[in-house]
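In my numbering, the protein residues as written are 4 to 116.
First the structure, in the form of structure tokens, and then the observations on it.
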């Protein structure tokens with residue numbers, strides 16, 4: 004699909020490695036991109052099963068062709084089968100070198116509020 008390839012080209016590669024683009028909207032004054040964390044089991048030896056998603060968090064990105072652009076991302080929740088603990092994976096924002104992530108988006112990737 005051409006639209007998905009275009010989104011992949013616009014967003015940082017490392018971001019697209021961890022999230023799937025699930026929706027895109029274009030209006031007269033803005034672009035909105037919705038991302039869901041991929042269903043890739045967490046590393047580190049935890050036996051976990053996916054347990055849905057957190058709420059979408061929205062972040063303003065750089066304007067594109069005169070329109071505001073927003074990324075709406077949600078992280079996956081996991082349940083540790085051994086302990087029953089519900090957790091979300093922390094994504095290291097340092098891997099997004101060469102990009103200008105704002106502090107709010109970097110905290111989201113690290114699992115903070």
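Where is the CB? At the ideal position from N, CA and C, for every residue including glycine.
The C-alpha of residue 64 lies about 21 Å from the C-alpha of residue 93.
Just so you know, the alpha carbons of residue 32 and residue 11 end up roughly 21 Å apart. Residue burial is scored here from C-beta neighbours: residue 67 has fewer than 16 other C-beta atoms within 10 angstroms and is therefore classed as exposed.
Counting only runs of 3 or more residues that sit fully inside the region 20–71, the beta strand (DSSP E) segments are 22–29, 33–40, 51–56 and 60–67, in chain order.
For residue 79, the enclosing beta strand (DSSP E) stretches over residues 79–83.
CA-CA distance, residue 35 to residue 72, rounds to 6 Å.
Scanning its chain for C-beta atoms nearer than 6 Å, with the 5 sequence neighbours on each side dropped, one finds around residue 19 the residues 11, in chain order. Within the same chain, 38, 39, 40, 41 and 76 come within 8 Å of residue 22 by CB-CB distance, once the 5 residues on both sides are set aside.
Considering only 83, 53, 57 and 6, the residue with the shortest C-alpha distance to residue 29 is 6.
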